[in-house]
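Numbering (the working numbering), first residue to last: 862 to 1127.
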């Protein structure tokens, strides 16, 4: 793992393969190992950069993280690595960070793969109450283990390993604080990209696990409606389709990546 300092804290990342860059961005409480089932196939044709957000995985503990801070850290990572026209594959809060990069620095983004993504839910009193509930201390302490299994909807041994890692992290004081801080940060007005989404110009593939109770399919359909010329594909999984159904996920993503490379070279 490599590390770099960002304004949101230390960020660790794995850098494998060679070729056009693909950046993998994980969800709250998770880490870059979520993507292990798809990295070998991606790295056969691409440089794959798999991030551990500040406060997560191999990065230093940081219980004061925010979603907007992650998006800022991604900008800093892209600049430090001098990535031009990479494809960004983001899950949940990772999808939000990728989409905001595409809005603020479109020259850096050759394509977006948004997977059960955050950032495309219109904020309201109801959504604010929802985020405050999930970020509350009692939920973080008592409901979290059941919640991780519920939104993952495990279908494979790798899903079980993902759940075990997330629960183990969430059982620590730092993990609970990190999880809660991120949920509360989803109420930041900057996390709502619905008004700006029509400005996204990068080719966008949206892949949604239809069994996700945290971000139901209707939000995938909303993102698809808001982002011009986007594609929406639905898989019968929970929140992590690349873990639960890696081959089906790759069957969608690899052609998209090849088309993105061809578009950059034309």
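No residue lacks a Cβ here, since even glycine has one placed at the ideal position from N, Cα and C. As the structure is a prediction and not an experimental result, all values here were calculated from the model.
By the three-class DSSP mapping on this structure, what secondary structure does residue i have?
i: residue 910; result: strand
i: residue 877; result: strand
i: residue 1106; result: coil
i: residue 1098; result: coil
i: residue 832; result: Residue 832 cannot be examined here, being either before or after the span of the chain that is shown, 862 to 1127.
i: residue 1123; result: helix
i: residue 894; result: helix
i: residue 1013; result: helix
If contacts are defined as beta-carbon pairs under 8 Å, then residue i and residue j qualify, I think. What distance do you get, rounded to the angstrom?
i: residue 978; j: residue 956; result: 3 Å
i: residue 1059; j: residue 1087; result: 6 Å
i: residue 976; j: residue 951; result: 7 Å
i: residue 962; j: residue 970; result: 6 Å
i: residue 972; j: residue 905; result: With a Cβ gap of about 18 Å, residue 972 and residue 905 do not count as contacting.
i: residue 870; j: residue 916; result: 6 Å
i: residue 1012; j: residue 1075; result: 5 Å
i: residue 918; j: residue 959; result: Not a contact, Cβ separation roughly 18 Å.
Is the beta carbon of residue i less than 8 Å from the beta carbon of residue j?
i: residue 930; j: residue 907; result: no
i: residue 1081; j: residue 1098; result: no
i: residue 902; j: residue 1046; result: no
i: residue 1110; j: residue 1096; result: yes
i: residue 1014; j: residue 1104; result: no
i: residue 1048; j: residue 1002; result: no
Extract the residue ranges of the alpha helix (DSSP H) inside the segment 1025 to 1086, only unbroken runs of 4 or more that lie entirely within it.
1034 to 1046
For a minimum of 3 consecutive residues, which ranges assigned as the beta strand (DSSP E) are wholly contained in the segment 903 to 974?
908 to 913, 947 to 952
Cβ contact check for the segment 920 to 934 and the segment 1029 to 1045: 3 or more pairs under 8 Å
yes
Return the chain-ordered ranges of every alpha helix (DSSP H) run that is complete within the segment 975 to 1002 and spans a minimum of 4 residues.
986 to 995
Take every Cβ of the segment 879 to 892, pair it with every Cβ of the segment 909 to 918, and state whether three or more of those distances are shorter than 8 Å.
yes
Can we say the segment 1005 to 1023 touches the segment 888 to 899, given the rule of at least three CB pairs closer than 8 Å?
yes
Three or more C-beta pairs under 8 Å: does that hold for the segment 1073 to 1088 against the segment 1109 to 1118?
no
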